[in-house]
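Contents: one structure, followed by commentary.
As structure tokens, then:
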């Protein structure tokens with residue numbers, strides 16, 4: 249069986265990823281996703297690193313394999329090559345969603361925020377003490 253696995257790949261900036269297609273040959277979809285996670289540049293630590301697995305025909309597999317082999321992102325071997333490619337990929341990259349993203353203008357703002365948060369947690373601890 250031939251599969252086209254869409255995975256989230258890294259090395260395009262902090263907290264960013266690019267979705268790329270990897271054509272694979274395996275017995276089941278589960279095996280195909282495991283094989284895809286072993287490829288380089290895939291963000292394995294994400295729970296949803298494999299976005300989509302689709303069964304394709306042999307002709308589509310050959311076409312996608314050719315595209316995969318010619319993709320400059322997967323052909324890069326060094327950080328310098330990737331940084332050159334990143335300039336063209338930057339507009340394609342997506343940002344991961346975090347629970348809360350705070351942007352501080354200065355270090356003092358960040359410290360004040362953390363201290364305030366610690367004080368609130370301390371107050372909540374004392375409320376429950378008898």
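In the working numbering, the protein residues as written are 249 to 378. Ideal placement from N, C-alpha and C gives every residue a C-beta, glycine not left out.
Following a CB-centred definition, is residue i positioned closer than 7 Å to any heavy atom of the ligand COA?
{"i": "residue 249", "result": "This structure lacks the ligand COA; in fact it carries no ligand of any kind."}
Kindly list the residues whose CB is nearer than 7 Å to the CB of residue i, restricted to its own chain and excluding five residues on each side of it in sequence; keep chain order.
{"i": "residue 280", "result": "251, 253, 272, 274 and 301"}
{"i": "residue 249", "result": "274, 275 and 303"}
{"i": "residue 365", "result": "none"}
In whole angstroms, give me the CA-to-CA distance for residue i and residue j.
{"i": "residue 265", "j": "residue 297", "result": "10 Å"}
{"i": "residue 352", "j": "residue 358", "result": "6 Å"}
{"i": "residue 307", "j": "residue 323", "result": "23 Å"}
{"i": "residue 331", "j": "residue 317", "result": "19 Å"}
{"i": "residue 362", "j": "residue 356", "result": "10 Å"}
Helix, strand or coil for residue i? Go by DSSP, reduced to three states.
{"i": "residue 351", "result": "coil"}
{"i": "residue 295", "result": "coil"}
{"i": "residue 360", "result": "helix"}
{"i": "residue 264", "result": "strand"}
{"i": "residue 365", "result": "helix"}
{"i": "residue 289", "result": "coil"}
For residue i, collect the residues of the same chain with a Cβ closer than 8 Å to its Cβ; drop the 5 residues on either side in sequence, then sort them by chain order.
{"i": "residue 292", "result": "285"}
{"i": "residue 319", "result": "268"}
{"i": "residue 347", "result": "With a pLDDT of 48 at residue 347, under the threshold of 50, the predicted position of this residue should be treated as unreliable, though the coordinate-derived value follows. Taken in chain order, the list of residues that qualify is empty."}
{"i": "residue 313", "result": "271"}
Within its chain, find whatever has a CB closer than 6 Å to the CB of residue i; leave out the 5 residues flanking it on each side and keep chain order.
{"i": "residue 277", "result": "301"}
- [ ] May I ask you to verify whether the stretch 269-287 touches the stretch 300-307, counting CB pairs closer than 8 Å and requiring at least 3?
- [x] yes
Task: Touching by the beta-carbon criterion (3+ pairs, under 8 Å), the stretch 288-296 and the stretch 255-266 - done: yes
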